[in-house]
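Novice:
Number of protein chains: 2
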Amino acid sequence: MSIKSDDIGQFDKQYRINLINSLIGFRALNLLGTTSNDGISNLCIISSVFHLGANPPLIGLVIRPEREHNDTLRNIRTTGQYTLNNVLPEWYMQAHQTSASYPSGVSEFDTCHFKKQYVNGFKAPFVAQSTVRIGLQLRETIDMEINGTTLVIGEIVHILTEDALIAADGTVDHHKAETLTVAGLDTYYLPQPIGRLAYAKPGIEPHVLNGNTLNSKL
Amino acid sequence: MSIKSDDIGQFDKQYRINLINSLIGFRALNLLGTTSNDGISNLCIISSVFHLGANPPLIGLVIRPEREHNDTLRNIRTTGQYTLNNVLPEWYMQAHQTSASYPSGVSEFDTCHFKKQYVNGFKAPFVAQSTVRIGLQLRETIDMEINGTTLVIGEIVHILTEDALIAADGTVDHHKAETLTVAGLDTYYLPQPIGRLAYAKPGIEPHVLNGNTLNSKL
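Protein chains in written order, with this note's numbering: chain G, 283 to 500; chain C, 283 to 500.
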């Protein structure tokens, strides 16, 4: 099956949205928490978060030009701070519900039953129910002329998690953390570990790190 | 457990890389295929791909400023074309091996045993073994002063897949496609479906779309 540019342009709008959104595979799934200067909190589910670099520790995300996200972008711009919080199976439906178009001024923390958690000196609320919580300081926004979206680049300034979820080498264990992922706009998945592989070098066969193979098919 | 900016700056380099790379959760996992003007192909595994928008159909990705990726970025800039191909359990170790620092001019298609697939009028090679293959036309590159990375924005001009992997509403079924995901730099996962949820609206309880709940924990 081969689909070309012209086909994509002629698809029904919803078909195209579903297809293009699901093409790249599984996506990082987080709840994005912010607050206005008046102290009204906001929470929305987001699947466009990407790793930009480890030194300085930077994360990027995409904000769409549509109405329901304006509170989020305005809050990030005015306070300079926001949080990303992982999504767990026990309450993924509540997390999805934050994508509904609630009126400006209504907090999704309240309507979707999430508990706010604050850290001294940091304005944006974390999600208490999450097991991996990241606090970010805004570094840069890039307005994309090509489609009206905004890229938001932030530096990681807080990490809230449990000791048991970070391995000795620094890697977060998202299996233990019960982190979910999403494909497309609305299909949620719980990943099962296949294997952790050794650092790749030319001339050396790829191999699993000892003790880290689970459910391997190889 | 609370980690702050100062702590992050003082971590051992490898610990910091592992921690920061794994924080955001599961990431879109793809093989990025390119060719030079001399016809030397290049293939590298990439986990920084993000959805930028559906109309026009745009995908973004991050290229690091390091040596092993220079062929890729040079090829994208000179030919204006590249491919993204999903990674399957049967050969994820080969896919990981493309991250090894092979000398410039050596094709990872050959050293890692991938079969090239070409489409008429499109220069960049697809991975024949993949089940979801995307051909992109370069639209924009953004050099990030903050850390020396480059954001590459491309428009989807080809989609190669099987009919059976696209649902009636356009959504790609990544469970059927056997698409893998990765957390951090080296830990691979096969996601299991939890549920597909209806479009969220204020005042309506979140619920699964009929017939699309598998292994639901709720």
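From the three backbone atoms N, C-alpha and C, an ideal C-beta is built for every residue, glycine too.
Can you give me, in chain order, the residues of the region 402-416 of chain C that have a beta carbon less than 9 Å from any beta carbon in chain G?
Specialist: V414, I416
Novice: Under 7 Å, CB to CB, which of the residues in the region 464-480 of chain C have a partner in chain G?
Specialist: A465, G466, D468, T469, Y470, Y471, L472, P473, Q474, P475, I476, G477, R478, L479
Novice: Can you pull the chain B neighbours of N312 (chain G), defined as C-beta to C-beta under 8 Å?
Specialist: No chain B is part of this structure, whose protein chains are labelled G and C.
Novice: Please go through the same chain and pick out, in chain order, the residues whose beta-carbon is closer than 7 Å to the beta-carbon of P339 (chain C), but skip the five residues on each side of it.
Specialist: E437, I438
Novice: With N352 (chain C) as the anchor, note down where its alpha helix (DSSP H) starts and where it stops.
Specialist: Residues 352-361.
Novice: Is H378 (chain G) buried or exposed, if buried means 16 or more other CB atoms sit within 10 Å of its CB?
Specialist: buried
Novice: Assign P407 (chain G) to buried or exposed, taking buried as 16 or more other Cβ atoms, counted over all protein chains shown, within 10 Å of its Cβ.
Specialist: buried
Novice: Less than 8 Å between C-beta atoms, sequence neighbours within five positions excluded: which residues of the same chain meet that for V454 (chain C)?
Specialist: V414, T443, L447, I448
Novice: Quick check on DSSP: helix, strand or coil for S284 (chain G)?
Specialist: strand
Novice: In chain G, which residues lie with their C-beta within 8 Å of the C-beta of D320 (chain C)?
Specialist: Contacts between D320 (chain C) and chain G, judged by CB atoms closer than 8 Å, are missing: the closest CB pair is about 21 Å apart.
Novice: List, in order along the chain, the chain C residues whose C-beta lies closer than 7 Å to that of F332 (chain G)?
Specialist: S330, F332, V344
Novice: Would you give the residue range spanned by the beta strand (DSSP E) that L301 (chain G) belongs to?
Specialist: No beta strand (DSSP E) holds L301 (chain G); the alpha helix (DSSP H) holding it covers 295-304.
Novice: For N402 (chain G) and G321 (chain G), I'd like the C-alpha separation in whole angstroms.
Specialist: Straight-line Cα distance between these residues: approximately 15 Å.
Novice: For P347 (chain C) and chain G, any beta-carbon pair shorter than 7 Å?
Specialist: no
Novice: Would you identify the three-state DSSP class for N319 (chain C), choosing helix, strand or coil?
Specialist: coil
Novice: So, with DSSP's three-state summary, where would you put A377 (chain C)?
Specialist: Here A377 (chain C) sits in helix by DSSP.
Novice: Give a yes or no on whether 7 Å exceeds the smallest Cβ distance from K499 (chain G) to chain C.
Specialist: Unreliable positioning characterises K499 (chain G) in this predicted model, as indicated by a pLDDT of 35, which lies under 50. A coordinate reading is not provided.
Novice: To the nearest angstrom, how far is it from the Cα of I299 (chain G) to the Cα of I486 (chain G)?
Specialist: 42 Å
Novice: Skipping 5 residues on each side, what residues in its chain have a beta carbon closer than 7 Å to that of H395 (chain G)?
Specialist: Counting only Cβ-Cβ distances below 7 Å, and skipping sequence neighbours, we find Q376.
Novice: Tell me L433 (chain G)'s beta-bridge partners as DSSP assigns them.
Specialist: G:V344, G:I424
Novice: Compare the Cα-Cα distances from G335 (chain C) to each of G:G342, G:P347, G:T393 and report the closest residue.
Specialist: G:P347
Novice: Starting from V439 (chain C), find everything on chain G with Cβ-Cβ shorter than 9 Å and list it in chain order.
Specialist: K286, S287, I290
Novice: Would you mind sorting P504 (chain C) into buried or exposed? The rule is 16 or more other CB atoms within 10 Å of its CB.
Specialist: Any answer about residue 504 (chain C) is impossible in this case: the structure gives chain C only from 283 up to 500.
Novice: Residues of chain G with CB under 7 Å from N300 (chain C), in chain order?
Specialist: What N300 (chain C) touches in chain G: D451, G452, T453.
Novice: To the nearest angstrom, how far is it from the Cα of T380 (chain C) to the Cα of S389 (chain G)?
Specialist: 45 Å
Novice: So, helix, strand or coil for I486 (chain C), using DSSP?
Specialist: Note: I486 (chain C) maps to coil in three-state DSSP.
Novice: Nearest to Y481 (chain C) by CA position, among G:F308, G:I327, G:D288, G:I416, is which residue?
Specialist: Answer by Cα proximity: G:I327.
Novice: Near N429 (chain G), which residues of its chain fall below 8 Å by C-beta distance, leaving aside the five closest residues on each side in sequence?
Specialist: P347
Novice: Residues in its own chain within less than 8 Å of H489 (chain C) by CB, not counting five upstream and five downstream?
Specialist: L479, A480
Novice: Where Y400 (chain C) and A450 (chain G) are concerned, what is the direct C-alpha to C-alpha distance, given to the nearest angstrom?
Specialist: About 44 Å.
Novice: Does the separation of the CB atoms of Y384 (chain G) and T316 (chain G) fall below 7 Å?
Specialist: Not a contact, by the Cβ cut-off of 7 Å.
Novice: Please classify N319 (chain G) as buried or exposed, where buried requires at least 16 neighbouring CB atoms within 10 angstroms.
Specialist: exposed
Novice: When you compare only the Cα positions, how much space is there between I441 (chain G) and G307 (chain C)?
Specialist: I441 (chain G) and G307 (chain C): Cα-Cα distance of roughly 13 Å.
Novice: May I ask you to list the residues that DSSP assigns as paired with N312 (chain C)?
Specialist: C:I328, C:N368
Novice: Indicate the three-state DSSP secondary structure (helix, strand or coil) for G387 (chain G) in the structure shown.
Specialist: coil
Novice: Using a Cβ-Cβ cut-off of 7 Å, state whether S381 (chain C) counts as contacting chain G.
Specialist: yes
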